[in-house]
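Trainee: First the structure, then my questions, so here it is.
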Amino acid sequence: MSRVGKMPITVPQGVDVAIKDDQINVKGALGALALTQNALVSIKSDGGKLTFAPANDSREANAMSGTIRQLVNNMVTGVTKGFEKKLYLVGVGFKAQAQGAKLNLTVGYSHPVVLDMPAGIKVETPTPTEVVIKGSDRQRVGQIAAEVRAVRPPEPYKGKGIRYSDEKITIKETKKK
Numbered sequence: 348m349s350r351v352g353k354m355p356i357t358v359p360q361g362v363d364v365a366i367k368d369d370q371i372n373v374k375g376a377l378g379a380l381a382l383t384q385n386a387l388v389s390i391k392s393d394g395g396k397l398t399f400a401p402a403n404d405s406r407e408a409n410a411m412s413g414t415i416r417q418l419v420n421n422m423v424t425g426v427t428k429g430f431e432k433k434l435y436l437v438g439v440g441f442k443a444q445a446q447g448a449k450l451n452l453t454v455g456y457s458h459p460v461v462l463d464m465p466a467g468i469k470v471e472t473p474t475p476t477e478v479v480i481k482g483s484d485r486q487r488v489g490q491i492a493a494e495v496r497a498v499r500p501p502e503p504y505k506g507k508g509i510r511y512s513d514e515k516i517t518i519k520e521t522k523k524k
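Quick note on numbering: our numbering labels position 70 of the sequence shown as 417, and the sequence is numbered without any gaps.
Spelled out as structure tokens, the structure:
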């Protein structure tokens with residue numbers, strides 16, 4: 348059986364987990380998330396702990412039990428603590444400004460780039476060269492961060508562009524005559 352799938356999830360106080368035939372709903376202080384349930388995984392809730400087991404002996408059911416367990420764990424973590432991604436703008440004149448649900452980026456193009464944030468995602472700019480994206484859904488936070496980075500990905504010669512806070516850019520050497 349999957350090592351990840353074997354570990355139970357402890358549900359903290361203030362988090363409500365509802366398991367129905369076709370959906371798993373998690374409600375907490377930071378919002379509510381839903382996930383469609385897979386027929387290959389059986390979920391049991393007893394005394395504040397969720398356990399996941401494959402419904403049959405197939406390899407797909409074994410793999411899916413670990414996947415569904417981790418997705419539900421991310422949902423529980425998201426509604427209690429939330430997730431965040433930090434991005435840095437590196438380049439002369441590169442700056443970002445958050446205005447409500449919009450993010451204005453000035454990253455070397457002839458026009459400013461304006462990105463609309465979906466519901467449930469908050470964007471902050473503590474400094475003009477730093478962007479913090481927060482939300483309760485881990486997948487959406489990561490997807491929005493990837494879309495912001497795709498506006499101007501870091502280039503390998505000078506390192507200019509939008510990068511994650513933990514990203515290392517290997518600078519290439521220029522051509523010699």
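Glycine included, every Cβ here is placed at the ideal spot set by N, Cα and C. Please read these numbers as outputs of a predicted model, since none were measured by experiment.
State the Cα-Cα distance for the pair Asn421 and Asn403, rounded to the nearest angstrom.
Mentor: Roughly 25 Å separates the two Cα atoms.
Trainee: Check this for me: beta carbons of Gly467 and Arg496, under 8 Å apart or not?
Mentor: no
Trainee: I need the straight-line Cα distance from Met411 to Lys515, nearest angstrom please.
Mentor: 32 Å
Trainee: Terminal residues of the continuous beta strand (DSSP E) containing Ser412?
Mentor: No beta strand (DSSP E) contains Ser412, which is instead part of the alpha helix (DSSP H) from 406-427.
Trainee: Using a 10 Å radius around the Cβ and a threshold of 16 neighbouring Cβ atoms, would you call Val364 buried or exposed?
Mentor: buried
Trainee: Who are Asp463's beta bridge partners in DSSP?
Mentor: Lys449
Trainee: Does DSSP put Val358 in a helix, in a strand, or in coil?
Mentor: In the structure shown, Val358 sits in coil (DSSP, three-state: anything other than H, G, I, E or B).
Trainee: Can you tell me whether Lys367 is helix, strand or coil according to DSSP?
Mentor: coil
Trainee: Going by C-alpha distance, which of Lys433, Ala400, Gln490 is nearest Val351?
Mentor: Ala400
Trainee: Taking the beta carbon of Thr424 as the centre, do at least 16 other beta carbons fall within 10 Å, making it buried, or is it exposed?
Mentor: buried
Trainee: Does DSSP classify Ile518 as helix, strand or coil?
Mentor: coil
Trainee: Quick one: Cα of Val426 to Cα of Ala492, how far?
Mentor: Answer to the nearest angstrom: the Cα atoms are 19 Å apart.
Trainee: Taking 7 Å as the cut-off, does the CB of Val498 come closer than this to any heavy atom belonging to the ligand HEM?
Mentor: You won't find the ligand HEM in this model; it holds no ligand whatsoever.
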